[in-house]
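Under our numbering, the residues of the sequence shown are numbered 500 to 622, in order.
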Amino acid sequence: MKSLPWRASITWLLAAFFLLGGTLNVFASPEILADYARWGYPAGFHLVTGLLEWSAAQLILLRRTRFLGGLLGAALMGAAALTVLLHGEFGHAVPPLIVMSLSLLTAMIWRADRLSTGFRPGG
């Protein structure tokens, strides 16, 4: 059995993470809704977050849009980390910071691959 290349592994793991995260936010439990309220977000903001996470998952899975998906995922996780840090929940910042780093890595790899093959955006 061939081993799965690490780049593909990161891509699939990130997409799965954002798919699951989006689902947990769109179909939020009372505990998740209470978290959003405690952090000061308006009612329904969990839906915005969930839909953006689903979008990030889809963009990451498609090679053509992986760069944008990586950037969107990094922005979402940066916002999540900032939210919990500002509310003193320091231990909860570690997972989003890790996922943010992997999302940025995915975007950087996509860009490096495109530049090495002579791809130019818009051209």
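Think of the CB as a built atom: it goes at the ideal place given N, C-alpha and C, for glycine as much as any other residue. Bear in mind that the values here come from a model prediction, so they are computed numbers and not experimental data.
Keeping to the same chain, check which residues put their C-beta closer than 6 Å to that of residue i; ignore five residues upstream and five downstream.
i	result
residue 593	none
residue 567	558
residue 570	606
residue 535	544 and 545
Quick check on the DSSP output: the alpha helix (DSSP H) that includes residue i runs from which residue to which?
i	result
residue 540	Taken as a continuous stretch (DSSP letters only), residue 540 belongs to no alpha helix (DSSP H), as it is neither H nor E.
residue 512	505-525
residue 578	565-585
residue 604	593-615
Below 7 Å CB to CB, which residues in the same chain sit around residue i once its five sequence neighbours on both sides are set aside?
i	result
residue 520	552
residue 538	582 and 586
residue 556	514, 517, 518 and 521
residue 603	569 and 573
residue 554	571
residue 579	595
Which term fits residue i, buried or exposed, when burial requires 16 or more other beta carbons within 10 angstroms of its beta carbon?
i	result
residue 505	exposed
residue 583	buried
residue 565	buried
residue 526	exposed
residue 541	exposed
residue 616	exposed
residue 601	buried
residue 595	buried
residue 549	buried
residue 614	exposed
Quick one: what's got a C-beta closer than 8 Å to residue i's C-beta in the same chain, skipping five residues either side?
i	result
residue 561	568
residue 510	559, 560, 565 and 605
residue 529	none
Just confirm the distance between the C-beta atoms of residue i and residue j, as a whole number of angstroms; I'd bet it's less than 8 Å.
i	j	result
residue 598	residue 576	5 Å
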